[in-house]
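**Student:** Can you keep this structure in mind? I'll have questions shortly.
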Amino acid sequence: METMNRKIISIAGLILLLAISCKDYLEPYPSGIRTGEDIWLYQENVQGLVSRCYDYMSRNYGSTSSASYNNEGVYLDGATDDAVITSSTNALRRMASGSLTTRQDPFLTYWNRDYQSIYLVNLFLKDRRGYKTRYLLDPHLNNLVRRRLQGEAYALRAWFQWDLLQKFGGKGINGEILGFPIITEPLDPSGEINYARNTYDECVAQIIKDCDSAYKYLPLAHRDFLVGNKDDLLYSGGMYWGRMDGISTRALKALVYLTWASPRFNPGNVIARWDSAAVNAKKVMDFKLNIDGSVANGFNPTTQVNWFNPNFPGIVFASRWVTSNADMEAMERLFYPGGFQGYGEIGATQELVNSFPDKDGYPINDSRSCYDPAKPYENRDPRFYSTIFYNTAQAKKNNTGATMYTFENWENGGKDAAGVRSSNSLTNYHIKKFVHMGLNWSDATINRQPHSKFFIRWTHMCLAFAEAANKVVGPTDDAKYGISARTAIQYLRARKTPDGMNGISAPVPGNPDPYLEEVANAGQAEFDILVKNERRIETCFEGLRFFDMRRWTTDLTELNKAVHGAGIIQNEDMSFTYNLNYEVEGRTYTSAYLPIPYSEILRMSKMVQNEGWDGWN
Numbered sequence: 000m001e002t003m004n005r006k007i008i009s010i011a012g013l014i015l016l017l018a019i020s021c022k023d024y025l026e027p028y029p030s031g032i033r034t035g036e037d038i039w040l041y042q043e044n045v046q047g048l049v050s051r052c053y054d055y056m057s058r059n060y061g062s063t064s065s066a067s068y069n070n071e072g073v074y075l076d077g078a079t080d081d082a083v084i085t086s087s088t089n090a091l092r093r094m095a096s097g098s099l100t101t102r103q104d105p106f107l108t109y110w111n112r113d114y115q116s117i118y119l120v121n122l123f124l125k126d127r128r129g130y131k132t133r134y135l136l137d138p139h140l141n142n143l144v145r146r147r148l149q150g151e152a153y154a155l156r157a158w159f160q161w162d163l164l165q166k167f168g169g170k171g172i173n174g175e176i177l178g179f180p181i182i183t184e185p186l187d188p189s190g191e192i193n194y195a196r197n198t199y200d201e202c203v204a205q206i207i208k209d210c211d212s213a214y215k216y217l218p219l220a221h222r223d224f225l226v227g228n229k230d231d232l233l234y235s236g237g238m239y240w241g242r243m244d245g246i247s248t249r250a251l252k253a254l255v256y257l258t259w260a261s262p263r264f265n266p267g268n269v270i271a272r273w274d275s276a277a278v279n280a281k282k283v284m285d286f287k288l289n290i291d292g293s294v295a296n297g298f299n300p301t302t303q304v305n306w307f308n309p310n311f312p313g314i315v316f317a318s319r320w321v322t323s324n325a326d327m328e329a330m331e332r333l334f335y336p337g338g339f340q341g342y343g344e345i346g347a348t349q350e351l352v353n354s355f356p357d358k359d360g361y362p363i364n365d366s367r368s369c370y371d372p373a374k375p376y377e378n379r380d381p382r383f384y385s386t387i388f389y390n391t392a393q394a395k396k397n398n399t400g401a402t403m404y405t406f407e408n409w410e411n412g413g414k415d416a417a418g419v420r421s422s423n424s425l426t427n428y429h430i431k432k433f434v435h436m437g438l439n440w441s442d443a444t445i446n447r448q449p450h451s452k453f454f455i456r457w458t459h460m461c462l463a464f465a466e467a468a469n470k471v472v473g474p475t476d477d478a479k480y481g482i483s484a485r486t487a488i489q490y491l492r493a494r495k496t497p498d499g500m501n502g503i504s505a506p507v508p509g510n511p512d513p514y515l516e517e518v519a520n521a522g523q524a525e526f527d528i529l530v531k532n533e534r535r536i537e538t539c540f541e542g543l544r545f546f547d548m549r550r551w552t553t554d555l556t557e558l559n560k561a562v563h564g565a566g567i568i569q570n571e572d573m574s575f576t577y578n579l580n581y582e583v584e585g586r587t588y589t590s591a592y593l594p595i596p597y598s599e600i601l602r603m604s605k606m607v608q609n610e611g612w613d614g615w616n
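In structure tokens form, the structure reads like this:
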């Protein structure tokens, strides 16, 4: 019995035994009386094999409550040089300090989640059984539904495989660059459960194959204006916004190729990988500009990001939205200090603050910058004011109205200073990004807004294209791809901030971005540095820098640098003295990779652990 139990719980716990647990993973599954085979008699349950997978995706960038952690967003930034987690017992903070134990693995749940989802779509795809199911009596409409579901099944398998590769791919203790065990058939619980990890390259090939298979079945995008026959809108078009479509598979390919092309996974610097990343990112950019941007209220590259609009045109693929009161104020509770009824669970680092240039786009250490270290928060990149709450910053109602709260981060009496409350950031910076500035718990009617996670958006594609195109043809060449890497970055520096402030520059004559032009003309190496900094600014707290830092480097030097905050003293004349080199925390990484779950290593002799996790073997 013990041997059978160990077989059952390997690879995501194998909780997906068809005969006993499908009811936990199908949507809907109205009763527990149907056997695994019975689901094929009910088309709504067959559809549930696909639609249930979307429920497994993160729906927020942080916790859904003070006691519930989502380690795929802002907390993952807390294990980088962008942020510091306040709680000393948080698993990701312990990982960053080299003290994570096998009992605290913050990523086991995602290994399980991914394989649960892969199981469901494998079941749907097996013998094309999901495709052959009759969903509607009308042959034409039935074909719309089955093709969409077939495409989504391939796309979702690619999505969760990508998540496994990004999180768990790395150099094994055997010296090979490995990915995850590729499983494309529903697991047989009566069979042998002892899987080996496929090579990293094999995993990439499988993901790309699934993306291409999905593209053959899916509509280009779930948009009403792309549906030719309006009678089809009940089963196609915008009602499926939030599900995988053709253009999201192109975006996913861009992200996969970008990581595969990066130094850690591309020691030979195979240029074709960079080219594939640029080509696929450009396809998404073209779609946004020329198709999504061709309709009224469609996509406009100059429009600011709106984190609270479920139909924001800059989205390529996003999670389902959360609408409970606790979830709709999750980010505000998470980021605000205790003085404003928050938990202050994480704060931005001085390193991140320093990455924002001055208002004209010059780095703060450039001699032409208007940055003043005695007044470090004046004349900064407009994006800074949409991202960070700093000493004396004001939280204004809807950014322009009455002042709801003023931050006091000086250590000699400031209510929001590190150490004054356990609910204050340790760095003397608090986070503004994702915060709905219309929310004030003192209002008679509290204005909460739904949150979700924008997995892929216009910004990500511009950054991916710029990084990859620069590697292939340099910053200024626009012949090969139709636009240059410089132009892609200019789109981001020029647009309005989420607060509605004008950007650094505009991509039109007469309103130049002199530093951008200067760096672009300096060549690939200098422009690569700028692109990486732009990526840091644009995607901070989204859970991306953790993986960026690893794919860009080949050793642990950058990962193990100490992080800093602001030491602030209020003077007698009410001015401030700043120590911007105040060390908050050291970092001690022994591996550039995440560990394969310890339980899987114990259960399967073929499973190889990543290097640097000696105690997890």
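With numbering that gives the first Met the number 0 as the guide, the letters of the sequence shown map in order to residues 0 to 616. Don't be surprised by glycine CBs; every beta carbon is placed ideally from N, CA and C.
Could you tell me whether the Cβ atoms of isoleucine 38 and valine 45 are closer together than 8 Å?
**Tutor:** Walking along the sequence shown from the start, residue 38 turns up at place 39. Walking along the sequence shown from the start, residue 45 turns up at place 46. Contact flag set, yes.
**Student:** Leaving out five residues before and five after asparagine 398 in sequence, what residues of the same chain have Cβ atoms less than 8 Å from its Cβ?
**Tutor:** Here the question's residue 398 lines up with position 399 in the sequence shown. Around asparagine 398: Met436, Asp498, Gly499.
**Student:** What residue range is occupied by the uninterrupted alpha helix (DSSP H) comprising alanine 260?
**Tutor:** Residue 260 sits at position 261 when you count from the first residue of the sequence shown. Its alpha helix (DSSP H) spans residues 245–260.
**Student:** My output table needs one value for histidine 429: the three-state DSSP class, helix, strand or coil.
**Tutor:** Working through the sequence shown from its first residue, we reach residue 429 at position 430. If DSSP states are grouped into helix, strand and coil, histidine 429 belongs with the strands.
**Student:** List the residues that DSSP assigns as beta-bridge partners of isoleucine 181.
**Tutor:** Residue mapping note: residue 181 aligns to position 182 of the sequence shown, counting from 1. Isoleucine 181 pairs with nothing; no bridge assigned.
**Student:** Candidates Ser483, Val144, Gln115, Ser98: which alpha carbon is nearest glutamate 43's?
**Tutor:** Along the sequence shown, read from residue 1 onward, the residue named residue 43 stands at position 44. The candidate whose alpha carbon is nearest that of glutamate 43 is Val144.
**Student:** So what's lysine 282 in DSSP terms, helix, strand or just coil?
**Tutor:** For the purposes of this step, residue 282 is identified with residue 283 of the sequence shown, where counting begins at 1. Of the three classes helix, strand and coil, the one that applies to lysine 282 here is helix, per DSSP.
**Student:** Tell me which residue opens and which closes the alpha helix (DSSP H) that glutamine 165 is part of.
**Tutor:** Position 166 of the sequence shown, counted from the first residue, corresponds to residue 165. Its alpha helix (DSSP H) spans residues 138–167.
**Student:** In chain order, which continuous runs of the alpha helix (DSSP H) of length 4 or greater are located wholly inside the region 513–555?
**Tutor:** Complete alpha helix (DSSP H) runs here, min 4: 513–521, 523–538, 544–551.
**Student:** Tell me the residue span of the beta strand (DSSP E) that contains asparagine 580.
**Tutor:** Counting from 1 along the sequence shown, the entry for residue 580 is found at position 581. Looking at the DSSP string, the run of the beta strand (DSSP E) that includes asparagine 580 is 575–584.
**Student:** Just to confirm before moving on: does the CB-CB distance between aspartate 357 and asparagine 378 stay below 8 Å?
**Tutor:** Position 358 of the sequence shown holds residue 357. Position 379 of the sequence shown holds residue 378. Yes, the pair counts as a contact, with Cβ atoms nearer than the cut-off.
**Student:** Counting only runs of 4+ residues fully inside the region 381–421, write out the alpha helix (DSSP H) ranges in chain order.
**Tutor:** DSSP runs (the alpha helix (DSSP H)) wholly in the region 381–421: 381–384.
**Student:** So if DSSP puts lysine 170 in a beta bridge, which residue, or which two residues, is it bridged to?
**Tutor:** To locate residue 170, count along the sequence shown from 1; it is residue 171. Answer by DSSP bridge pairing, in chain order: Ile176.
**Student:** List, from N- to C-terminal side, the alpha helix (DSSP H) runs of 4 residues or more that fit wholly inside the region 290–341.
**Tutor:** Here the runs fully enclosed are 324–327, 329–334.
**Student:** Which one of Arg93, Asp223, Tyr234 has the shortest CA to CA distance from histidine 139?
**Tutor:** In the sequence shown, counting from the first residue as 1, residue 139 sits at position 140. When only C-alpha atoms are compared, the closest one is Tyr234.
**Student:** Output the boundary residues of the alpha helix (DSSP H) element that contains isoleucine 38.
**Tutor:** Translated into the one-based positions of the sequence shown, residue 38 becomes position 39. Careful: isoleucine 38 lies outside any alpha helix (DSSP H) and carries neither H nor E.
**Student:** Using three-state DSSP, classify glycine 346 as helix, strand or coil.
**Tutor:** By 1-based counting over the sequence shown, the position of residue 346 is 347. Looking at glycine 346 - three-state DSSP - the assignment turns out to be strand.
**Student:** Does DSSP put threonine 198 in a helix, a strand or coil?
**Tutor:** As a working mapping, residue 198 is identified with position 199 in the sequence shown. If DSSP states are grouped into helix, strand and coil, threonine 198 belongs with the strands.
**Student:** Nearest to tyrosine 55 by CA position, among His459, Lys287, Tyr109, is which residue?
**Tutor:** The sequence position of residue 55 within the sequence shown is 56, counting from 1. For tyrosine 55, the nearest C-alpha among the options comes from Tyr109.
**Student:** Taking the alpha helix (DSSP H) that isoleucine 567 falls in, what are its first and last residues?
**Tutor:** Sequence index remark: in the sequence shown, residue 567 carries index 568 (1-based). Careful: isoleucine 567 lies outside any alpha helix (DSSP H), inside the beta strand (DSSP E) at 562–569.
**Student:** Compute the Euclidean distance between the alpha carbons of serine 261 and asparagine 570, then round it to the nearest angstrom.
**Tutor:** If you number the sequence shown from 1, residue 261 lands on position 262. If you number the sequence shown from 1, residue 570 lands on position 571. Serine 261 and asparagine 570: Cα-Cα distance of roughly 48 Å.
**Student:** Have a look at valine 607 and tryptophan 615 and give me their C-alpha separation to the nearest angstrom.
**Tutor:** In the sequence shown, the residue the question calls residue 607 occupies position 608. In the sequence shown, the residue the question calls residue 615 occupies position 616. Rounded to whole angstroms, valine 607 to tryptophan 615 spans 11 Å at the Cα level.
**Student:** Does aspartate 23 pass the burial test, meaning 16 or more other C-beta atoms within 10 Å, or should it be called exposed?
**Tutor:** Working through the sequence shown from its first residue, we reach residue 23 at position 24. Residue placement at aspartate 23 is flagged as unreliable, the pLDDT there being 41, under the threshold of 50; the coordinate-derived value follows with that caveat. Counting Cβ neighbours within 10 Å, aspartate 23 comes out exposed, since fewer than 16 surround it.
**Student:** Tell me, to the nearest whole angstrom, how far the beta carbon of glutamate 541 is from that of glycine 72; I am working on the premise that it is less than 8 Å.
**Tutor:** Here the question's residue 541 lines up with position 542 in the sequence shown. Here the question's residue 72 lines up with position 73 in the sequence shown. Indeed, because the Cβ distance is near 6 Å, the residues count as touching under 8 Å.
**Student:** What are the start and end residues of the beta strand (DSSP E) that includes valine 83?
**Tutor:** Counting from one through the sequence shown, the residue named residue 83 turns up at place 84. Run containing valine 83: 82–84, per the beta strand (DSSP E) assignment.
**Student:** How many Å lie between alanine 484 and alanine 195 at the Cα?
**Tutor:** Within the sequence shown, numbered from 1, the residue matching residue 484 stands at position 485. Within the sequence shown, numbered from 1, the residue matching residue 195 stands at position 196. Spanning the two alpha carbons is a distance of roughly 40 Å.
**Student:** What residue does the alpha helix (DSSP H) around asparagine 501 start on, and which one ends it?
**Tutor:** Position 502 of the sequence shown, counted from the first residue, corresponds to residue 501. Looking at the DSSP string, asparagine 501 is not in any alpha helix (DSSP H), and its letter there is neither H nor E.
**Student:** Assuming threonine 248 and tyrosine 214 form a contact by the criterion Cβ under 8 Å, report the distance between their Cβ atoms to the nearest whole angstrom.
**Tutor:** Along the sequence shown, read from residue 1 onward, the residue named residue 248 stands at position 249. Along the sequence shown, read from residue 1 onward, the residue named residue 214 stands at position 215. So it is a contact: roughly 5 Å between Cβ atoms.
**Student:** According to DSSP, is asparagine 193 helix, strand or coil?
**Tutor:** Position 194 of the sequence shown, counted from the first residue, corresponds to residue 193. Reduced to three states, the DSSP call for asparagine 193 is coil.
**Student:** Pull up the distance between the alpha-carbon of arginine 319 and that of aspartate 371, whole angstroms please.
**Tutor:** Residue 319 sits at position 320 when you count from the first residue of the sequence shown. Residue 371 sits at position 372 when you count from the first residue of the sequence shown. If you take the alpha carbons of arginine 319 and aspartate 371, they lie about 43 Å apart.
**Student:** Any idea if methionine 284 is buried or exposed, counting beta-carbon neighbours within 10 angstroms, 16 or more meaning buried?
**Tutor:** Position 285 of the sequence shown, counted from the first residue, corresponds to residue 284. Under this definition methionine 284 is a buried residue.
**Student:** Helix, strand or coil for histidine 221? Go by DSSP, reduced to three states.
**Tutor:** Position 222 of the sequence shown holds residue 221. If DSSP states are grouped into helix, strand and coil, histidine 221 belongs with coil.
**Student:** How would you label cysteine 369, buried or exposed, when you count the other beta carbons within 10 angstroms and need 16 or more for buried?
**Tutor:** The sequence position of residue 369 within the sequence shown is 370, counting from 1. Per the 10 Å Cβ criterion, exposed.
**Student:** Between the Cα of glutamine 523 and the Cα atoms of Val278, Met460, Asp476, which residue gives the shortest distance?
**Tutor:** Start at 1 with the first residue of the sequence shown, and residue 523 comes out as number 524. Here the closest residue by C-alpha is Asp476.
**Student:** Compute the Euclidean distance between the alpha carbons of tyrosine 388 and asparagine 446, then round it to the nearest angstrom.
**Tutor:** In the sequence shown, counting from the first residue as 1, residue 388 sits at position 389. In the sequence shown, counting from the first residue as 1, residue 446 sits at position 447. At residue 388 the sequence reads phenylalanine, which differs from the tyrosine that was named. Cα-Cα distance, rounded: 21 Å.
**Student:** Looking at the structure shown, is lysine 374 part of a helix, part of a strand, or coil, going by DSSP?
**Tutor:** By 1-based counting over the sequence shown, the position of residue 374 is 375. Three-state DSSP puts lysine 374 in a strand.
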